[in-house]
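Numbering (the numbering used here), first residue to last: 6 to 122. Yeah, the Cβ is synthetic: ideal placement off N, Cα and C, and Gly gets one too. Because the structure is a prediction, the values reported are computed rather than measured. These notes are about the structure you will find just below.
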């Protein structure tokens, strides 16, 4: 059974008919071609599916459909909005729920630190 939805992704409005069982991540990746959120553990535990929804974070494997941004940027955006005085240990702790397959943690932490200044 399909239902009609309307969602904004990166500022663009989309109107779709989707199966009522569709997850946000499947809709983003398969219907809209948005590949930045990743489907890894399929349970919302690793953080790679995290998206930003109205300034809050959700796991898109279990979440509802709405505006989105990938895991690392959504964590960083929330953390920087709350506190700009983050040291490297605090950044690593706050980002610990996101796994990076490429191993770019040093670069990610450095980028967040630079933006926090």
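Residue from the options whose Cα sits closest to the Cα of residue i
i	options	result
residue 34	65, 10, 114, 119	65
residue 27	101, 61, 40, 6	6
residue 49	29, 59, 37	29
residue 9	17, 23, 18	23
Assigned exposure category for residue i - 16 Cβ within 10 Å defines buried
i	result
residue 32	buried
residue 101	exposed
residue 25	exposed
residue 11	exposed
residue 39	buried
residue 69	Bear in mind that a pLDDT of 47 at residue 69, under 50, signals an unreliable position, so the model cannot answer this.
residue 20	exposed
residue 73	Since pLDDT at residue 73 reaches only 40, below the 50 mark, its modelled position is unreliable, and no value is offered.
Residue(s) in a DSSP beta bridge with residue i
i	result
residue 8	23
Residue interval of the alpha helix (DSSP H) (run including residue i)
i	result
residue 35	Per DSSP, residue 35 belongs to no alpha helix (DSSP H) and is neither H nor E.
residue 15	Element bounds for residue 15: n/a, residue is neither H nor E.
residue 47	From DSSP, residue 47 is part of no alpha helix (DSSP H); its letter is neither H nor E.
residue 92	First-last for residue 92: undefined, no H or E at that position.
Extent of the continuous beta strand (DSSP E) run through residue i
i	result
residue 55	55 to 58
residue 64	61 to 64
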